[in-house]
Amino acid sequence: MDNDYPKYFLVSKFFLVYQFGPVVGAQLGKPIYIFAPNAERYGKVAIEMIELNGYYANGEQWEETKEKLKNEFKKVSVYEDTYLFIEEALQVGGGKHSFLLTKENRQTLSAKDEMPSTTREGDLLIIKLPQHLDAAANGKQYADTVLQEIKNNMNIKGAIIDLRGNRGGDMGPMITAVSPFLEDGDLYHLEYLDRDWTVKLENGKSIGGGTQITTNITPFKLDVPVAVLIDDQTASSGEAVLMAFMGQPHAKTFGQPSAGYASANITLPLYDGTLINITVAYNKTLNGEVFYDTPVLPDVQTDHPLEQAIEWLTK
89 MDNDYPKYFL
99 VSKFFLVYQF
109 GPVVGAQLGK
119 PIYIFAPNAE
129 RYGKVAIEMI
139 ELNGYYANGE
149 QWEETKEKLK
159 NEFKKVSVYE
169 DTYLFIEEAL
179 QVGGGKHSFL
189 LTKENRQTLS
199 AKDEMPSTTR
209 EGDLLIIKLP
219 QHLDAAANGK
229 QYADTVLQEI
239 KNNMNIKGAI
249 IDLRGNRGGD
259 MGPMITAVSP
269 FLEDGDLYHL
279 EYLDRDWTVK
289 LENGKSIGGG
299 TQITTNITPF
309 KLDVPVAVLI
319 DDQTASSGEA
329 VLMAFMGQPH
339 AKTFGQPSAG
349 YASANITLPL
359 YDGTLINITV
369 AYNKTLNGEV
379 FYDTPVLPDV
389 QTDHPLEQAI
399 EWLTK
């Protein structure tokens with residue numbers, strides 16, 4: 089028996105890596121596979137990831153969906169055949185903000201990343217913050233673009249941050265970009281099923297939410313009133329920036345109700361590079377307000393947000 093111990097140990101280790109490596113490894117950003125999974129195994133791994141992390145991956149509806157999809161996975165032959173089923177699981181287990189992103193779609197979306205723009209209007213600085221997906225590629229440039237313009241206009245009497253059309257992405261570069269207008273400390277909370285987590289601003293960096301961006305510009309502050317513009321296309325990380333300003337005493341919001349995706353996703357890689365983006369928590373204001381999947385209302389609901397923001401800042 090003693091001579092067989094190494095063999096049993098290796099077999100046990102092999103089984104543990106095969107069984108848990110893809111899911112546990114994905115939590116750390118690198119799933120572990122002993123060999124390429126077949127399409128059925130690929131789909132089942134996705135289900136396990138969703139069940140472990142999804143905000144709604146519990147209860148009767150989830151159990152029924154899980155069992156149904158496991159049977160569907162027995163009929164597939166290639167990874168692509170599983171995508172629609174995984175997307176169904178994501179909607180049930182993660183809610184409307186959860187989605188699947190293939191390698192092809194990732195490349196297309198990253199190519200669409202825009203840089204922010206600024207305009208000086210009298211004593212006001214207008215900052216257009218677009219969505220931003222690829223912080224690794226150009227998150228620093230995104231933040232530096234805005235920070236340099238703020239530093240060049242330190243004599244302004246107010247600022248307008250335009251989040252209209254900002255569908256989200258990585259909030260880290262966005263928060264760093266407008267950090268001069270935010271007080272250091274707590275920005276908002278994340279409500280998980282079993283705990284709350286606080287997103288903070290420290291030395292110009294978003295801590296606990298999004299990618300931490302180190303810029304070429306030393307962190308600084310500018311104490312002026314800030315108007316934030318939103319519309320029904322302000323979503324996800326765009327809404328996170330909105331909620332960060334909702335906790336600031338010198339800020340006011342204008343426009344139309346947001347898109348209703350004020351939640352936090354994590355990204356988990358599958359074997360072929362496809363990404364599972366699944367909701368694990370919902371944003372909570374410093375006052376304890378959680379919006380779940382409903383739009384965030386502006387302080388001033390208007391069809392002319394820019395004009396009314398300018399009026400408020402200049403009166």
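Numbered per this note's numbering, the sequence shown spans residues 89 to 403.
All C-beta atoms in this analysis are idealised placements derived from N, C-alpha and C, irrespective of residue type, glycine included.
On a predicted model such as this, the values are computed, not experimentally measured, just so you know.
Inclusion of A323 and G256 in the CB contact set at 8 Å is warranted, their separation being smaller than that value. Selection G296, N141 and D284 evaluated against T264 yields G296 as nearest (Cα-Cα). A127 sits in a helix when the DSSP states are folded into three classes.
When the five nearest sequence neighbours on each side are left out, the beta carbons in the same chain lying within less than 6 Å of the beta carbon of D319 are those of R252, G343 and Q344, in order along the chain. D258 counts as buried, since no fewer than 16 other beta carbons sit within 10 angstroms of its beta carbon. Contact between the stretch 302-315 and the stretch 264-280 is present: three or more C-beta pairs spanning the two stretches fall below 8 Å. Where F342 is concerned, the enclosing beta strand (DSSP E) starts and stops at A339 to G343.
The alpha-carbon of E168 is positioned some 34 Å away from that of Y230. Only residues of its own chain outside the window of five on either side were considered, and among them Y167, T170, L358 and Y359 have a CB closer than 7 Å to the CB of Y130, listed in chain order.
Shortest Cα-Cα distance from P261 to any of Q300, A145 and A397 involves Q300.
Fully contained in the stretch 249-283 are the following alpha helix (DSSP H) runs of length 4 or more, in chain order: 259-265. Here N365 has S186, F187, L189, N353 and T355 as same chain residues with Cβ atoms under 7 Å from its own Cβ, once five neighbours each way along the sequence are excluded. Our two residues, T153 and G348, have alpha carbons roughly 25 Å apart in a direct line.
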